[in-house]
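Notes follow the structure.
Residue numbers (the working numbering): 63 to 277.
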């Protein structure tokens, strides 16, 4: 199982909680990938270049992969899943202190206005949005909107700001809990099985043979 840590703008895998979380997860036996991406404020965002760098450092996503994106890095994770070829659905996406949108036109391509919600929610088995109520950079309402958009579980904290400190045990606990909990059902498992009602099926094909369109 891989944990993929995606940093935000003006950051790196050596900043904020990333080095600590990577170290703790590796100590628990997880493979951790922490790509270094060209994300700097004041420079024009070249999304294809960022996606290609993700592709080079991360590669294909597997069914047990968990992506953890901080701030704008959470939107990079979504864009990567949108852009890259996937034959299987990653285990989860955890979005930490992520904005729902910003006013800067040069960053517009990152945001969900350019993604189809009905498609985006199927890009991972589960989505989690982690947001602190006292975040002064990205208001808590952004987390609420993001969680509603992605039908994600909203994990609220009280005093973690924009998650820019060195350690957040709650994040480690969440990642470990998601990674160690089997996904409870396969796609479509919750759908009703119309064919369980034999009387209904017999009205379609009264005989015991195959329906007309199969013969």
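Cβ atoms here follow ideal geometry from the backbone N, Cα and C, with glycine treated the same way.
Residue pairing from DSSP places residue 67 in a beta bridge opposite 130.
About 6 Å separates the CB atoms of residue 186 and residue 154; that is less than 8 Å, so the two are in contact. Between residue 86 and residue 234, the alpha-carbon positions lie close to 8 Å from each other. Beta-bridge partners of residue 219 (DSSP): 194. Separation of residue 83 and residue 91 (C-alpha to C-alpha, rounded to the nearest whole angstrom) is 13 Å. The region 105-124 and the region 201-214 do not touch, with fewer than three beta-carbon pairs separated by less than 8 Å. Counting C-beta atoms within 10 angstroms of its own C-beta, residue 209 has 16 or more neighbours from the protein chains shown and is therefore classed as buried. With fewer than 16 other CB atoms across the displayed protein chains lying within 10 angstroms of its CB, residue 122 is exposed. Here residue 64 is buried, its C-beta having at least 16 other C-beta atoms within 10 Å.
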